[in-house]
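In my numbering, the protein residues as written are 1 to 125. Heads up, the beta-carbon is just placed ideally off N, CA and C, and yes, glycines get one too. First the structure, in the form of structure tokens, and then the observations on it.
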């Protein structure tokens, strides 16, 4: 392989996305919502999570409600302000969902990286 070609090979990646969908293929949750849920877990606040990710609170709240409806369980427990201030935390089922999504990514990511490298090599890119 000539040096120019080798540099191109090293700079290529075959990317992928995973999402949870219903039987009709309608998307329920993907990496974006997974990231939001992780950020809520980290910050204890939907507002802080949306601000950190640069997304709108209102749309995110609506999207999370749609996920809850599709899955049939609550993802979040929300408490209003007061002396200590409000907070949003994940329910136990919500925590299990993001943990399972994280594990799935870890397990499959290694296999996909190997398959991606093989593809690029076989395609002589």
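If distances are taken between C-alpha atoms only, which option among the options comes closest to residue i?
{"i": "residue 101", "options": "54, 37, 123 and 88", "result": "37"}
{"i": "residue 26", "options": "109, 70, 123 and 124", "result": "70"}
{"i": "residue 52", "options": "35, 66 and 64", "result": "35"}
{"i": "residue 72", "options": "97, 48 and 54", "result": "97"}
Using DSSP bridges, identify the partner residues of residue i.
{"i": "residue 87", "result": "79"}
{"i": "residue 19", "result": "30"}
Please state whether the Cβ-Cβ distance between residue i and residue j is less than 8 Å.
{"i": "residue 41", "j": "residue 95", "result": "yes"}
{"i": "residue 68", "j": "residue 74", "result": "yes"}
{"i": "residue 44", "j": "residue 88", "result": "yes"}
{"i": "residue 91", "j": "residue 103", "result": "no"}
If you reduce the DSSP assignment to three classes, tell me which class residue i lands in.
{"i": "residue 32", "result": "helix"}
{"i": "residue 94", "result": "helix"}
{"i": "residue 37", "result": "helix"}
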